[in-house]
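Quick note, in the numbering used here, the sequence shown goes up one by one and the last residue is 949.
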Amino acid sequence: MKKLILLLVLLTIVLLFFALGGHEWLTLEALRRHQAEFAALRTRSPWLTAAGFFLLYVLVAALSLPGAAVMTLAAGALFGLWQGLVLVSFASSLGATLALLVARFLLRDQVQHRFGSRLKAVNAGIQRDGAFYLFTLRLVPVFPFFLINLLMGLTPFPARRFYWVSQLGMLPGTLVYVNAGTQLAALDSLGGILSPALWLSFALLGIFPLLARHLVRLMQRRRVYKGWHKPHRFDRNLIVIGAGAAGLVSAYIAAAVKARVTLIEAGQMGGDCLNTGCVPSKALIRSARLAHQMRHADRYGLHATQPAFSFRRVMQRVQEVIQKVEPHDSVERYTALGVEVLQGHGRLLDPWTVEVNLNDGGCRRLTARAVIIAAGAEPLVPELPGLETVDYLTSDTLWQALAQRDSPPRRLLVLGGGPVGCELAQALARLGSEVTLVQRNPRLMPKEDEEVSELLKAALTQDGIAVLTGHQPLRLEQDDNGKRLIVRHHDREVALAFDDLLVALGRRPRLTGYGLEQLGIDTDKRLETNDYLETLYPHIYAAGDVAGGYQFTHIAAHMAWYASVNALFGQFRRFRVDYSVIPWCTFVDPEVARVGLSEAEARDRGIACEVTRFGLDDLDRAITDGADHGFIKVLTVPGKDRILGVTIVGEHAGELLAEYVLAMRHGLGLNKLLATIHIYPTLSEANKYAAGEWKKAHAPQRLLAWLARYHRWRLGKKQPRGPL
C-alpha cells in the first residue's frame, strides 16, 4: 500500500509539472528571457532564492525531470561560478540519491526476487567494485544520469556511498556547465557547451579510473613478485600439477589451442574419480543393486532368491571397470593430443619454475608463464583417540583392501552420514555386510531437506543398516574382545563393536609438498582464489577440489575451463568462474539429486518461493518398473514459473535432473517444460507432470468459470419435451 501511495504521489507531481508548463520554463530560451527577473529576485532575497533554487534542483533530479542541464547553466548565470557550483553539486547528488532510494523502495525487491539467481554475480560485483564503476560513469556526461540512478537503486549498493561517489564523479561536468552558465549570452544551444576537445577531455576522465585501476593492479603485482626473478624466456605456456578431472581438462584445453603444456602426475592418471572415487563406487553400487533385486525378485513376479556370488569376483569387476575407463585419461591419449605428460611429483621452486622428481628417477626443471594447481583432495581423517590402532579404511584405501578378500566385511562401521558414507554403507550392506552407520549430525546428509534425510534413513534401514544419528564419536578401543567405537548419545557412552571401520567424513584439499608455503601462499584449509581462480600470484591458478567449495568431478572440470582460459588468454580478457547453477547427485537407492536452492536454504535465506511436488508413485513408467517411490520438488518464484531449485528423490534422479539444470542455466521456466513433448512411457515425463502440477495451481479460475458459462451457452437453450 505504501508503494502504491508513493507511486501515485510521484505521478501526480510529474503530471502537474507538465500541466503547469514546467518543461517550457526549463529551456535555454526561457532562461535567457527571464534572466533579468531572476537576477532581480536574487538581489532582493539572496538566501531565499538560493534555497528555492536548491530545492527545485533536488526535485528535478530526484524525479528525473527534463531540465537539469538548463538549471545547471542557470546556477552559473544567477549565482556565479563558485556559489553555483556548490549549489548544483550538493543538489544534484542529493536528488540522485533520492531517485536511487525511490527506485529501490518501489522496484528492487521485485527485481531481485524475479532475477535473483542471475543477479547474484552482478550483486557481488557491485558490492566489490560498485564505487569504481559508478565513479567512472559519473565522469562521462554521455551516460544518462537518471538511468544510472535507477539501475543502481536495483542493486544492494549503499546509498551513503552512492551519494559521495556521485558528488565526486559529477564535479568535473558540473564545473563545466556552471562555468558555461556564467557566459549565458554567448551560448547558442546546449550542444554548444561541449566542444569536441571538451568531449575528449571527459572521455579521458572516464578512462582515467580504468588506467588507475590497471596501475594499482600492476603495483600489487610488483609487490607480490618483489624479490623474485622472472625468466626472460619460458619453456612452457602452461604447467598443470595434478591429472585428476581439473588437471586433465586444463591440459586438454591448452593442447587444443596449441599451447605448449606439461601435465604432471605423481600417482595414477585420472585422479581420485577414476581410481578410488566415482568410477569404482558406482561399479560396486551396480553389483550391489543387482544382488538386492535378486533378493526381491518377487516384486517383479519372479522367484526371490538369495544371490550366490564371489566377493573377490565383484571387486575384480570393479577393477575391470576402471581399466575400461582408464584409456580416456591415459598418458598415451594425452600425449597424442599434444600434452607432455611427466609422471612424477611437481614442486614450485619459485613462481615460474617447477621441479619434477620423476617416478622412474631423475629430475627436471621447467619454467612456465602460468601454472595451474589441480592436486585434488584426500580423505579427511579426524583426530580421534585410538584411530591409528584399528587399521581403518578410507574411500582411497578401501578398494585395494577389499580386493584381497573372499568375503565382504562381516561387521562394518561407517563413520560419516554424508554422500560417500551413505553410498558405500548401502552397497556393502546389500553385498552381505552387517553395517552400522554413525552420524554426529541429527540427520543424514544435512545439506538436503529434512524430508530427504528421513526418506534416505528409511531406505538404509530397510536394507538392514543400523543408522545412528546424533551419536558423537569419542574414541576407539581394541583388546582381546575386538574393536569398539565409543560414542556419546543422550549424555551416555555407547560401545559399538566392529571388524572394519570406514572413515567417510569428507575430503580436504591436498596442499602440502608443492612448494606453496615457501611462496607465501596460504595453505591453511584450501587454496584461496579470486573470482578468476588466481591465487596470491596472478599467474598461478587453482582448480578443482584443491580450491575447496564444491567437491564434484563435474565442477572440477567446470573450474578447469576458467582456469586454463584465464591462464592462457587473461591478458586479453579474464572470465569470472560461474557457480550459479550447480547440480549434484548422491547415488544411493533411491538417488538424491539437486540443483539450486533447497526448501530449507530458501527459508534460511529469507527467499520467498512456491513449492510444487509431484510424487513418482503417480508416474506410469515408475509403476511399471517397480520404482514408484520418491518425488520431484520444484521451487519457483511466487506467482512465476522461474525455477529457483529442484530436488529429486527416486530412480535415475541424476538423469532426470539434467532437464532442470538446462532450464535454469538458460532461463527456461516450467511453462516451457510443460510445452515440451516427452516420450511415453518414460521417467522423464515426471518433469512434465511436475510442471503440470505448477500450472494447475496457477490456473485462472475466474477465466475458467467464464469459459464454463460460454460452453453451456454454446449447447443451446434446453427445449421442453413435447408429447410423442
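Where a beta carbon is used, it is the ideal one built from N, C-alpha and C, also for glycine.
Check: Uninterrupted alpha helix (DSSP H) stretches inside the region 889-934 (no shorter than 4 residues); Outcome: 895-899, 910-922
Check: Terminal residues of the beta strand (DSSP E) in which Tyr766 lies; Outcome: 765-767
Check: Distance cut-off 7 Å: Thr694 Cβ against heavy atoms of the ligand HEM; Outcome: Absent from the structure shown: the ligand HEM. Ligands present: none.
Check: According to DSSP, residues forming a beta bridge with Glu718; Outcome: Arg713
Check: Check whether Val639 and Leu662 have beta carbons under 8 Å apart; Outcome: yes
Check: Residue from Gly707, Tyr775, Arg713, Ser658 with nearest C-alpha to Ala168; Outcome: Past the boundaries of the shown model lies residue 168; the chain is included only from 226 to 949, so the question cannot be answered.
Check: Classification of Asn791 by the beta-carbon crowding that lies within 10 angstroms, buried from 16 upward; Outcome: buried
Check: Local Cβ density within 10 Å of Val482, reported as buried at 16 or more and exposed below that; Outcome: exposed
Check: When Glu884, Leu376, Gly611, Phe387 are compared against Val336, the one with the closest alpha-carbon; Outcome: Leu376
Check: Start and end residues, alpha helix (DSSP H) containing Cys503; Outcome: 503-520
Check: Euclidean distance between Cα positions of Asp842 and Ala878; Outcome: 14 Å
Check: The region 724-743 / the region 646-654 touching (three or more Cβ pairs under 8 Å); Outcome: yes
Check: Start-end ranges of the beta strand (DSSP E) lying completely within the region 322-363, minimum 3 residues; Outcome: none
Check: Which of helix, strand or coil DSSP assigns to Leu231; Outcome: helix
Check: Neighbourhood of Thr861 by C-beta distance below 7 Å, restricted to the same chain and skipping five residues each side; Outcome: Cys834, Glu835, Thr837, Arg867, Ile868, Leu869, Leu895, Trp919
Check: Whole-number beta carbon distance between Phe723 and Arg636, since they are thought to touch under 8 Å; Outcome: 5 Å
Check: At least three beta-carbon pairs within less than 8 Å, the region 549-567 to the region 518-537; Outcome: no
Check: Reduced DSSP secondary structure (H/G/I, E/B, other) of Trp424; Outcome: Residue placement at Trp424 is poorly supported in this model, since its pLDDT is 49, which falls under 50; the coordinates are not used for a value here.
Check: Counterpart residues of Asn582 in DSSP-defined beta bridges; Outcome: His570, Cys588
Check: Alpha-carbon to alpha-carbon, Ile832 and Leu235; Outcome: 29 Å
Check: Whole alpha helix (DSSP H) elements within the region 613-644, 4-residue minimum; Outcome: 623-628
Check: Between the CA atoms of His457 and Asp674 - distance to the nearest angstrom; Outcome: 55 Å
Check: Sequence-distant residues of its chain with Cβ nearer than 6 Å to Trp272 (five each side left out); Outcome: none
Check: Any chain C beta carbon closer than 8 Å to Thr837; Outcome: Of the protein chains in this structure there is only one, and it is not chain C.
Check: Per-residue DSSP class, three states only, for Ala599; Outcome: coil
Check: Exposed unless 16 or more other CB atoms sit within 10 angstroms - verdict on Ala299; Outcome: buried
Check: Close beta carbons around Gly689, own chain, < 8 Å, minus the five adjacent residues each side; Outcome: Ala654, Glu659, Val660
Check: Three-state secondary structure assigned by DSSP to Asn706; Outcome: coil
Check: Nonlocal neighbours in the same chain, by C-beta distance under 7 Å from Cys503, ignoring five residues either side; Outcome: Thr778
Check: Where Glu876 falls: helix, strand or coil (DSSP); Outcome: coil
Check: Identity of the residue in Gly469, Ala484, Ile478 nearest Gly495 by Cα; Outcome: Gly469
Check: Lys549 burial status per 10 Å Cβ neighbour count (16 or more: buried); Outcome: exposed
Check: Inter-residue spacing [alpha-carbon to alpha-carbon] between Ile489 and Arg830; Outcome: 42 Å
Check: Inter-residue spacing [alpha-carbon to alpha-carbon] between Leu400 and Thr760; Outcome: 43 Å
Check: Per-residue DSSP class, three states only, for Leu412; Outcome: In this prediction, Leu412 scores a pLDDT of 49, lower than 50, which makes its location untrustworthy; the coordinate-derived value is nonetheless stated afterwards. Three-state DSSP puts Leu412 in coil, outside helix and strand.
Check: Distance between Thr737 and Arg665 (C-alpha atoms, nearest Å); Outcome: 29 Å
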